[in-house]
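Take the sequence shown: its letters are residues 43 to 350, numbered as in my numbering.
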Amino acid sequence: MDLPIHQFLTEDFFRPNWSVSVHLVRNGPEEYPSEYTHLNQRQFWKIMYIVKGHAVMIINNRKYELPAGSTGLIHPSDLTTLALTEDVLLYNVLFQMDAIESELKNLCLKEDFFSIFRQNADNRDPIRHDILHLMDSNRTIYAIIRKMYREYQSDEVFSRELLKTYLLELLYLLARQSFSSSLKSRRAFAPEYIKSTLQKNFRNPPDIRSLMRKTGLTRNELFRLYKAETGETMGQTVLHFRLGYALDLLKNTDLPVSEIYAMAGFTDISNFYRVFRRTVGHSPGFFRENRNGDREHASGVPSSDHSV
Numbered sequence: 043m044d045l046p047i048h049q050f051l052t053e054d055f056f057r058p059n060w061s062v063s064v065h066l067v068r069n070g071p072e073e074y075p076s077e078y079t080h081l082n083q084r085q086f087w088k089i090m091y092i093v094k095g096h097a098v099m100i101i102n103n104r105k106y107e108l109p110a111g112s113t114g115l116i117h118p119s120d121l122t123t124l125a126l127t128e129d130v131l132l133y134n135v136l137f138q139m140d141a142i143e144s145e146l147k148n149l150c151l152k153e154d155f156f157s158i159f160r161q162n163a164d165n166r167d168p169i170r171h172d173i174l175h176l177m178d179s180n181r182t183i184y185a186i187i188r189k190m191y192r193e194y195q196s197d198e199v200f201s202r203e204l205l206k207t208y209l210l211e212l213l214y215l216l217a218r219q220s221f222s223s224s225l226k227s228r229r230a231f232a233p234e235y236i237k238s239t240l241q242k243n244f245r246n247p248p249d250i251r252s253l254m255r256k257t258g259l260t261r262n263e264l265f266r267l268y269k270a271e272t273g274e275t276m277g278q279t280v281l282h283f284r285l286g287y288a289l290d291l292l293k294n295t296d297l298p299v300s301e302i303y304a305m306a307g308f309t310d311i312s313n314f315y316r317v318f319r320r321t322v323g324h325s326p327g328f329f330r331e332n333r334n335g336d337r338e339h340a341s342g343v344p345s346s347d348h349s350v
């Protein structure tokens with residue numbers, strides 16, 4: 043069931059003509075129960091910092107345990123909520139894009155952490171997004187967030203301008219922390235990310251250099267971690283997804299094999315027949331003739347998602 047989405051509006055969280063606001067809030071189970079009932083989306087960016095308590099945060103249908111000291115950058119299009127069993131105290135640093143416009147061009151040229159600010163950024167790649175933008179914090183990050191909160195509360199001359207300066211400093215500190223702490227997360231998430239990427243692009247899979255760049259891992263690390271987690275090579279995964287797609291077409295359409303092999307990503311029909319026989323145990327024609335029976339012989343081949 044799709045959950046209702048609550049939209050947080052800019053005018054409800056920002057002073058007139060201010061592009062940065064900082065809030066210290068306490069959330070509890072009465073507002074965000076463990077069995078969450080809605081999602082939140084924003085018209086602005088958000089940096090959150092858990093001061094006290096243990097939060098479970100849902101970001102784009104993925105669940106994360108966030109103890110005190112955790113911090114993260116939330117994109118305006120992210121769908122988020124909390125699932126709490128205890129009160130949580132946290133800072134929310136909210137900002138609009140014009141707060142960093144003086145440095146935006148330089149920021150967007152940088153890889154990894156700052157790539158999210160590009161207009162065409164693939165922020166809907168949840169695994170990569172969360173690897174880069176959720177992390178354990180440090181004292182320096184906590185100190186500048188507290189300084190921003192005090193400045194926001196004081197509302198003195200040049201407070202608005204100082205907050206923009208502090209925000210840029212905070213983003214650079216987060217980027218540094220992301221670089222140093224994300225390697226462990228990348229190693230943990232890399233196999234899942236790679237398999238998801240291969241499923242979406244099994245007809246024309248990305249090359250190894252692209253996967254190395256996306257995950258920040260070396261060629262040997264990628265091969266070793268993926269094989270250890272999945273029990274197969276990346277090439278075998280691609281082959282299985284291609285065969286799964288071909289099996290679906292053979293079973294559910296009357297398209298000729300001469301079209302199906304190419305639609306599934308194979309470049310040579312002879313190789314398709316050879317791989318099909320070796321994996322399924324029969325020819326494509328025999329499988330189609332018996333498509334109303336079970337798929338016992340193809341049990342080792344994962345069915346691909348027709349939405350890819």
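All C-beta atoms, glycine included, are put in the ideal place defined by N, C-alpha and C.
Query: Arg68 (DSSP reduced to helix, strand or coil); Result: strand
Query: Cβ neighbours of Glu128 in the same chain (closer than 6 Å, five flanking residues each side left out); Result: Gly95
Query: Spatial distance of Lys237 from Gln83 (CA atoms); Result: 28 Å
Query: heavy atom of the ligand COA below 7 Å from Pro58 C-beta; Result: This structure lacks the ligand COA, and indeed carries no ligand of any kind.
Query: Validate contact between the segment 278-288 and the segment 304-312 using beta carbons, cut 8 Å, 3 pairs; Result: yes
Query: The segment 122-137 contacting the segment 96-113, beta-carbon criterion three pairs below 8 Å; Result: yes
Query: Within 8 Å, strictly: CB atoms of Ala232 and Leu204; Result: no
Query: Close Cβ partners of Arg333 (< 7 Å) along its chain, the five nearest in sequence each way excluded; Result: Leu292 and Lys293
Query: Three-pair Cβ contact test at 8 Å for the segment 209-222 versus the segment 242-254; Result: no
Query: Of the residues Lys256, Pro248, Ala230 and Arg255, the one placed nearest Thr272, counting alpha carbons only; Result: Ala230
Query: Host beta strand (DSSP E) of Asp178 (start-end); Result: Leu176 to Asp178
Query: Distance, Thr295 Cα to Leu131 Cα; Result: 56 Å
Query: For Ser112, the residue or residues it bridges with in DSSP; Result: Asp178
Query: Neighbourhood of Phe55 by C-beta distance below 8 Å, restricted to the same chain and skipping five residues each side; Result: Ser63, His65, Phe86 and Leu136
Query: Helix, strand or coil at Tyr91 according to DSSP, with G and I counted as helix; Result: strand
Query: Of the residues Ser61, Glu331 and Lys189, the one placed nearest Gln138, counting alpha carbons only; Result: Ser61
Query: Three-way DSSP call (helix, strand, coil) for Arg319 in this model; Result: helix
Query: Contact set for Pro344: own chain, Cβ-Cβ below 6 Å, skip 5 residues either direction; Result: Residue confidence is low: Pro344 scores 49 on pLDDT, short of 50, so the model does not pin down where it sits. No coordinate-derived value is stated.
Query: CA-to-CA distance, Tyr315 to Gly335, given in whole angstroms; Result: In this predicted model, Gly335 has a pLDDT of only 47, less than 50, meaning its place in the structure is not dependable; the value taken from the coordinates is given anyway. Going from the Cα of Gly335 to the Cα of Tyr315 covers about 21 Å.
Query: Ile100: first and last residue of the uninterrupted beta strand (DSSP E) it sits in; Result: Ala97 to Ile101
Query: For Asn59, the three-state DSSP class (helix, strand or coil); Result: coil
Query: Pro58, buried or exposed, once every other Cβ within 10 Å from all chains shown has been counted against 16; Result: exposed
Query: Beta-carbon proximity check, Ile92 vs Ser112, cutoff 8 Å; Result: yes
Query: Close beta carbons around Met299, own chain, < 6 Å, minus the five adjacent residues each side; Result: With the sequence shown as reference, residue 299 is identified as Val, and Met is not the correct amino acid for it. Closer than 6 Å at the Cβ level, and outside the excluded window around Val299, lie Pro326.
Query: Contacting residues, own chain, Cβ-Cβ under 6 Å from His175 (five flanking each side not counted); Result: Gly114 and Leu115
Query: Nonlocal neighbours in the same chain, by C-beta distance under 7 Å from Asp347, ignoring five residues either side; Result: Bear in mind that a pLDDT of 44 at Asp347, under 50, signals an unreliable position, so the model cannot answer this.
Query: First through last residue of the beta strand (DSSP E) which encompasses Gln83; Result: Leu81 to Arg84
Query: Bounding residues of the beta strand (DSSP E) (the contiguous stretch that carries Asn134); Result: Val130 to Phe137
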